[in-house]
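Below is one structure; the comments refer to it alone.
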Amino acid sequence: MARANRGKTIGRRTYLHVDALRSAQASTGLDWQARVALAEQAAGVERGVRFNVVRLDAQSGEVALLHYPGFFDDPFPALRESWRFEPGAGVVAIVPMRTR
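Be aware that the sequence shown starts at 0, since it is given in numbering that gives the first Met the number 0, and climbs by one per residue.
This is the structure in structure tokens:
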């Protein structure tokens, strides 16, 4: 993925690199920056250190914080860590990853 293109949408989910979050347009009226900040705080992880991609679900409002080491250098980076945040419940689920 080129640095100029930091996001994609698959179905109702949008994936963005954290550098592109400020430019995210929320046609649903949801404040994605605020939701990502809440998820980051609830999970106790730091943007750019423990996660570098966010997955935004326009239907549920759910936010996932994803850590892809080598995101810009590896054409198919492996997901190392993931946290899923449900804003309505304020709950964070850690999604275990299998080691390769």
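Ideal Cβ positions, reconstructed from N, Cα and C, are used throughout, including at glycine.
Q: Write down every uninterrupted run of the beta strand (DSSP E) in the region 25-73 whose length is 3 residues or greater and which is fully enclosed by it, in chain order.
A: 52-56 and 62-66
**Q.** Sequence-distant residues of the same chain with beta carbon closer than 8 Å to A88, five excluded per side
**A.** Indexing the sequence shown from 1 puts residue 88 at position 89. There are no such residues.
Q: Answer with buried or exposed for S59, where buried requires no fewer than 16 other C-beta atoms within 10 angstroms of its C-beta.
A: The residue labelled residue 59 in the question sits at position 60 within the sequence shown. S59 is exposed by the Cβ-count criterion.
Q) Who are the near neighbours of P68 in its chain, counting only those whose CB is closer than 6 Å to its CB and skipping five residues on each side? A) In the sequence shown, residue 68 corresponds to position 69, counting from 1. Cβ within range, chain order: R79.
Q) By DSSP, does L15 sit in helix, in strand, or in coil? A) Residue mapping note: residue 15 aligns to position 16 of the sequence shown, counting from 1. Three-state result, L15: strand.
(Q) Helix, strand or coil for P83? Go by DSSP, reduced to three states. (A) Here residue 83 is taken as the residue at index 84 of the sequence shown, counted from 1. Rather than Pro, the amino acid found at residue 83 in this sequence is Arg. The answer is strand: DSSP assigns R83 an E or B state.
Q.
Looking at the secondary structure, which residues open and close the beta strand (DSSP E) in which A88 lies?
A. Along the sequence shown, read from residue 1 onward, the residue named residue 88 stands at position 89. Secondary structure note for A88: it is in no beta strand (DSSP E), with a DSSP letter that is neither H nor E.
Q) CB-CB under 7 Å to R46, same chain, minus the five flanking residues each way: which ones, in chain order? A) Translated into the one-based positions of the sequence shown, residue 46 becomes position 47. Excluding positions up to five away in sequence, the list reads V17 and E39.
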